[in-house]
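In my numbering, the protein residues as written are 2 to 426.
Each residue gets a CB set at the ideal place from its N, CA and C atoms; glycine is no exception.
The block underneath contains the structure these notes are about, expressed in structure tokens.
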Ligand code: SF4
């Protein structure tokens, strides 16, 4: 039994509008907001400016109820009177932090884009600080810079920085599965149960909940990407011998089923076992989605490029909710990782890669979609023009993967339309 709901027409070879203009996106520091909750013994020290400190505090501050696991070491021109002074200052800040917070086992120095910070060699700083603080604390670095990146690339850079310290798996122990991409714990637990019911026992997740549980990798490791924005991480894991399982992403009942089926095929699990293990959860998800299909079917939607989740989301709303996708814009189109998604998208979907916000706004206004998915900066002006919007960043903060979350995912698209209908009454 296959999970495909509708004939596959596909966008695999469809032309793509390439946009290279003004961009309106958050920077990679944003990823700290979900990553710090995920890796519970890690600390994220942003080496940045006051702007970076404000971004992190205002975006994440509302969620702090205990001692936070992120902070900003502010570097300004004054600190660069001599670069060695800036390094001394960084060593001092890190020393103080680790003395006060003995539970920290992994410290990320997160680079940012101000020129003062770019001049600092954070990878050397991380090596130096690791030498000082190992074995209690390992220090890694990655960049969350907002130059030519989009906000989900912070997670990619963070996970890629973990790959070199993952232990080597000894050969001959049989295949193991590594699910890559930060997922809510509740989602991880659901997938663990489904994999076990299907007969896949050796499953690890990356990032792990505790940094000391980083799984071993090697040629027997099979990667299953849970997020579509992990190009660098996948490349780094593949260079350690791991092999990627090609699959769409686990959004919606169909996406989740195809994702699980791809893993099962790789592990030689018979399809009837997969169907039996997944049927109750899948059927519940399909029943829940049927209600939304009645509400959202035929409505038009336009995705601005922002989170890199756009193509899997476009596939979900088109195929499972019956919406018409006018444009699916993505900051980067990774043809290999998205090949299965492209094949499932309706052939008439207009694809765009990169951003030229004014031209995209012109196309959007001309088409008057029922719903626009975009960044925060565009949402307010579009709402003021009478166009319903959904913030794409909300889709990163909400658990949306897997069968049990399919309803919540559909609700995220339905809510702005329902709100506008109520306002119109
Ligand atoms: S990293 Fe760059 S874009 Fe992000 S808050 Fe700091 S200065 Fe702004």
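Following the continuous beta strand (DSSP E) through residue 351, name the residue where it begins and the one where it ends. Numbered from its first residue, the chain shown carries residue 351 at position 350. For residue 351, the enclosing beta strand (DSSP E) begins and ends at 351 to 356.
Roughly how far, in whole angstroms, is the beta-carbon of residue 355 from the beta-carbon of residue 306, given that I think they are within contact range, below 8 Å? Residue mapping note: residue 355 aligns to position 354 of the chain shown, counting from 1. Residue mapping note: residue 306 aligns to position 305 of the chain shown, counting from 1. Contact annotation, residue 355 with residue 306: C-beta distance approximately 7 Å; criterion of less than 8 Å satisfied.
Residue 374 classed as buried or exposed, judged by whether at least 16 other C-beta atoms fall within 10 angstroms: Taking the chain shown and counting its residues from 1, the one referred to as residue 374 is at position 373. So residue 374 counts as buried.
Report the rounded CA-to-CA distance for residue 239 versus residue 249, giving the unit in angstroms. If you number the chain shown from 1, residue 239 lands on position 238. If you number the chain shown from 1, residue 249 lands on position 248. In this structure, the straight-line span from the alpha carbon of residue 239 to that of residue 249 is close to 18 Å.
Alpha helix (DSSP H) segment containing residue 159, residue limits: Indexing the chain shown from 1 puts residue 159 at position 158. Per DSSP, the unbroken alpha helix (DSSP H) holding residue 159 starts and ends at 154 to 163.
In angstroms with no decimal places, state the Cα-to-Cα distance between residue 409 and residue 286. The count along the chain shown starts at 1 and reaches residue 409 at position 408. The count along the chain shown starts at 1 and reaches residue 286 at position 285. Residue 409 and residue 286: Cα-Cα distance of roughly 10 Å.
On the CB-based measure, 16 or more other CB atoms within 10 Å of its CB, does residue 142 come out buried or exposed? Locating residue 142 in the chain shown gives position 141, where the first residue counts as 1. It is buried - the Cβ of residue 142 has at least 16 other Cβ atoms within 10 Å.
Inside the segment 168 to 195 only - beta strand (DSSP E) runs reaching at least 3 residues: Taking 3 residues as the shortest admissible run, the segment 168 to 195 contains the following complete beta strand (DSSP E) segments, listed from N- to C-terminal end: 177 to 181.
Nearest-angstrom beta carbon gap, residue 125 and residue 131 [assumed within contact, 8 Å]: Here residue 131 corresponds to residue number 130 of the chain shown, with the count starting at 1. Here residue 125 corresponds to residue number 124 of the chain shown, with the count starting at 1. That pair is no contact at about 11 Å.
Hey, which unbroken runs of the beta strand (DSSP E) at 3 residues or more fall wholly within the segment 311 to 374? 325 to 331, 351 to 356
Measuring only the C-alpha atoms, how far is residue 29 from residue 342? To locate residue 29, count along the chain shown from 1; it is residue 28. To locate residue 342, count along the chain shown from 1; it is residue 341. Rounded to whole angstroms, residue 29 to residue 342 spans 24 Å at the Cα level.
Quick check: does the Cβ of residue 32 come within less than 7 Å of any heavy atom belonging to the ligand SF4? Counting from 1 along the chain shown, the entry for residue 32 is found at position 31. No - the ligand SF4 has no heavy atom lying nearer than 7 Å to the Cβ of residue 32.
Excluding the 5 residues flanking residue 296 on each side, which residues of the same chain have their C-beta closer than 7 Å to its C-beta? Here residue 296 refers to the residue found at position 295 when the chain shown is read from its first residue. Here the set comprises 415.
Sheet register partners of residue 142 (DSSP bridge): Translated into the one-based positions of the chain shown, residue 142 becomes position 141. Beta-bridge pairing links residue 142 to 110.
Could you name the residues of the same chain whose beta carbon sits closer than 8 Å to that of residue 42, not counting the 5 residues immediately before and after it, in chain order? For this step, residue 42 is matched to residue 41 along the chain shown. Within the same chain, residue 42 has close Cβ partners 104, 105, 106, 107, 211, 212, 213.
By C-beta, the residues closer than 6 Å to any heavy atom of the ligand SF4, given in chain order: 28, 30, 49, 50, 52, 53, 56, 113, 114, 115, 145, 146, 147
What's the gap between the Cα of residue 74 and the Cα of residue 334? Working through the chain shown from its first residue, we reach residue 74 at position 73. Working through the chain shown from its first residue, we reach residue 334 at position 333. C-alpha separation (whole angstroms): 34 Å.
Whose C-alpha, out of 230, 192, 267, 217, is nearest the C-alpha of residue 278? On the chain shown, position 277 is the one that residue 278 refers to. Nearest option by C-alpha distance: 192.
Can you tell me whether residue 393 is helix, strand or coil according to DSSP? For the purposes of this step, residue 393 is identified with residue 392 of the chain shown, where counting begins at 1. Note: residue 393 maps to coil in three-state DSSP.
If you draw a straight line from the C-alpha of residue 66 to the C-alpha of residue 59, how long is it? Residue numbering aside, residue 66 sits at position 65 when the chain shown is read from its first letter. Residue numbering aside, residue 59 sits at position 58 when the chain shown is read from its first letter. Low local confidence applies: a pLDDT of 48 at residue 66 is under 50, so the model's placement there is unreliable, and no value is given.
How many angstroms separate the CA atom of residue 392 from the CA atom of residue 171? On the chain shown, residue 392 is found 391 positions in, with the first residue counted as 1. On the chain shown, residue 171 is found 170 positions in, with the first residue counted as 1. Each residue's Cα considered, the two are about 44 Å apart.
For residue 316 versus residue 352, is the C-beta spacing smaller than 8 Å? For the purposes of this step, residue 316 is taken as the residue at position 315 of the chain shown. For the purposes of this step, residue 352 is taken as the residue at position 351 of the chain shown. Against a cut-off of 8 Å, the Cβ pair of residue 352 and residue 316 comes out as no contact.
Take residue 370 as the anchor and find which of 390, 137, 266, 118 has the nearest alpha-carbon. Translated into the one-based positions of the chain shown, residue 370 becomes position 369. Nearest C-alpha to residue 370: 390.
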